[in-house]
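All remarks here apply to the structure that follows.
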Amino acid sequence: MSNPNALLHRRDVVNELLRDRADLLVIAGLGAPNWDVSAAGDHPNNFPLWGAMGGASMIGLGLALAQPKRKVLVITGDGEMLMNVGSLATIGVEAPKNLTIAVLDNERFGETGMQKTPTASGVDLAGIATACGIRTSRIVRTMTEVAELRDLAHEGRGTTFAQVKINPEALVFVMPPADGVILTTRFRQSVLGDEALFN
Amino acid sequence: MAEAAKSRAEAPERLPTWPDEIYRVLKDAGIRQVAMVPDAGHSRLIRSFEADPETRVVTLTTEEEGVAMLAGAWLGGERGVLLLQSSGVGNCINMLSLPVICHMPLLMIVTMRGDWGEFNPWQIPMGQGTRPSLEAIGVIVNKVDEPHLVASTVQGAANLAFNTWKPVAVLIGQRVLGAKNFKELARK
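Residue numbers (the working numbering), protein chains in the order written: chain A, 168 to 366; chain B, 826 to 1013.
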């Protein structure tokens, strides 16, 4: 961290957010956030998306409401978050304490040729989240702030939103299982026990 | 006003009973999360759920949020229902690939517009496109046009969704809901 203006590296950010993850439940948005979460280690408590763009935060909300004693962390991209930015209004109203949304903001649609997203032109996602009533909402630019975000996500003391400014680097794909039934079933079995296989 | 209240009190049997019936059906199905964009046809059911401390009613900004939310609910072991108008079905289509490809149950109760007796031409394209769009993406569709069959149709759809882990939509037709006529209202 010799240069404080240097953009964060996405996999450093995700590795720190998932450090000592214990029983944290993780939703990963499609594209690079999926590969980043998978690069940190495949895990049954991950639900990595291969589609359903715009849905990551709302999957997090439904899960957080269903499992109020567990902590839910959504890790997604700026393009994915912007596709359903109205979700922040819905989540701001419901305000589950155990939900954190970390947007890895490279200001690009990374999978499709690094075209600029609206955040490249200054659209302030953290400001939108604040305006939607998510009181703990911030822009994150340093690994010290990432470590604070990690602790907030693991403590679950209030809905938290972070727009983490990252380098628009293209990294090697690290893929989790692609089959939705495998991902769903192993997640439910891990969270709910073997009973989940029977109903 | 007093006269109107009186006539309502004298004719309680004229109120439709199906919203209360499907509330019971959905309670018996174990519904805990209710995701909705309101429609007049769902107003009575929404009021029942809002008065119920066991259910969480979540107002969405667009219907596809509810598809994703109820996928999250299922991952966490809770059952939910999505209440929407037929126009909102169009907002859901790509997000429905999530329950379709993951074999997740999803129960959608859709109140129809652009159907029997519609007066608003702008409701026609999505109203007529509701069933084919849902079927094209892989949702099982059951339509009901008679009030006395609404509850049993919802019950069957809930069983199908939660026992076979499939997305299922019940379309409640305008024959059940009654068609609005804003032109008549404008003349009054």
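Using N, Cα and C, we set each Cβ at its ideal position, and we do this for glycine too.
Since we're looking at a predicted model, the values are computed, not measured.
CA-to-CA distance, residue j to residue i, given in whole angstroms
i, j, result
"GLU261(A)", "PHE328(A)", "14 Å"
"ASP179(A)", "ASP970(B)", "57 Å"
"GLY280(A)", "VAL925(B)", "28 Å"
"TRP217(A)", "GLY915(B)", "21 Å"
"GLY259(A)", "PRO285(A)", "22 Å"
"SER958(B)", "ILE934(B)", "15 Å"
"VAL290(A)", "ARG317(A)", "24 Å"
"GLY244(A)", "SER254(A)", "14 Å"
"ALA367(A)", "TRP202(A)", "Any property of residue 367(A) remains undetermined from this structure, which presents chain A solely from 168 to 366."
"SER873(B)", "ILE949(B)", "30 Å"
"ASP187(A)", "ARG956(B)", "47 Å"
"ILE333(A)", "ALA865(B)", "45 Å"
"ALA961(B)", "ASN919(B)", "11 Å"
"LYS1008(B)", "SER868(B)", "22 Å"
"ILE301(A)", "THR326(A)", "6 Å"
"GLN234(A)", "LEU974(B)", "35 Å"
"ALA223(A)", "ARG1012(B)", "47 Å"
"PHE214(A)", "ARG881(B)", "23 Å"
"MET248(A)", "LEU840(B)", "43 Å"
"ASP209(A)", "PHE987(B)", "28 Å"
"LYS238(A)", "GLY229(A)", "12 Å"
Chain B contact for residue i (CB, 8 Å cutoff)
i, result
"SER254(A)", "yes"
"LEU197(A)", "no"
"PHE354(A)", "yes"
"VAL348(A)", "yes"
"ASN213(A)", "no"
"ALA189(A)", "no"
"ALA219(A)", "yes"
"ASN201(A)", "no"
"VAL402(A)", "This structure gives no information on residue 402(A), because the portion of chain A shown stretches from 168 to 366."
"MET225(A)", "yes"
"ALA287(A)", "no"
"THR267(A)", "no"
"GLY300(A)", "no"
"GLN282(A)", "no"
Assigned secondary structure, residue i (DSSP; H/G/I helix, E/B strand, else coil)
i, result
"MET310(A)", "helix"
"MET933(B)", "strand"
"VAL348(A)", "helix"
"LEU996(B)", "strand"
"GLY221(A)", "coil"
"LYS238(A)", "coil"
"LEU923(B)", "helix"
"LEU266(A)", "strand"
"LEU974(B)", "helix"
"THR243(A)", "strand"
"ILE856(B)", "strand"
"ALA206(A)", "helix"
"PHE944(B)", "coil"
Cβ-heavy atom distance, residue i to the ligand NAD, below 7 Å
i, result
"LEU175(A)", "With respect to small molecules bound, the structure shown includes none, and the ligand NAD cannot be examined in it."
Contacts around residue i, its chain only, beta-carbon distance under 8 Å, and the 5 residues preceding and following it disregarded
i, result
"GLU888(B)", "VAL862, LEU907, LEU909, GLY913, VAL914, ASN916 and CYS917"
"LEU232(A)", "GLU261 and PRO263"
"GLN999(B)", "MET937, ARG938, ASP940, TRP941, GLY942 and GLU943"
"LYS236(A)", "ASN265"
"VAL883(B)", "GLN858, VAL859, ALA860, MET861, GLY891 and MET894"
Neighbour flag for residue i against chain A, beta carbons, 8 Å
i, result
"HIS973(B)", "no"
"GLN858(B)", "yes"
"ALA898(B)", "yes"
"GLU879(B)", "no"
"ILE1040(B)", "Nothing can be reported for residue 1040(B), as the shown portion of chain B is limited to 826 through 1013."
"VAL883(B)", "yes"
"SER922(B)", "yes"
"LEU895(B)", "yes"
"MET929(B)", "yes"
"GLY902(B)", "yes"
"THR887(B)", "yes"
"GLU875(B)", "no"
"GLU890(B)", "yes"
Residues sharing a beta bridge with residue i, DSSP
i, result
"LYS332(A)", "ASP272(A)"
"MET861(B)", "THR884(B) and LEU908(B)"
"LEU254(A)", "Contrary to the premise, residue 254(A) reads as Ser rather than Leu in this sequence. None, per the DSSP bridge assignment."
"LYS368(A)", "Since the first and last residues shown for chain A are 168 and 366, residue 368(A) lies out of range."
"PRO215(A)", "ALA195(A)"
"GLY227(A)", "Paired residues: none, contrary to the question."
"SER304(A)", "PHE328(A)"
"LYS968(B)", "LEU996(B)"
"LEU175(A)", "ILE333(A)"
Same chain, Cβ closer than 7 Å to residue i, neighbours up to 5 away in sequence not counted
i, result
"ALA976(B)", "TRP843, GLU846, ILE847 and VAL850"
"LEU885(B)", "ALA860, MET861, VAL862 and GLY891"
"ARG355(A)", "ALA363"
"ARG324(A)", "LYS264"
Beta-carbon contacts of residue i that lie in its chain and below 6 Å, excluding the five residues immediately before and after
i, result
"VAL995(B)", "ILE934, ASN967, THR978, VAL979 and ALA982"
"PRO946(B)", "none"
"ILE268(A)", "SER224, VAL241 and PHE328"
"PRO930(B)", "ALA986, PHE987 and TRP990"
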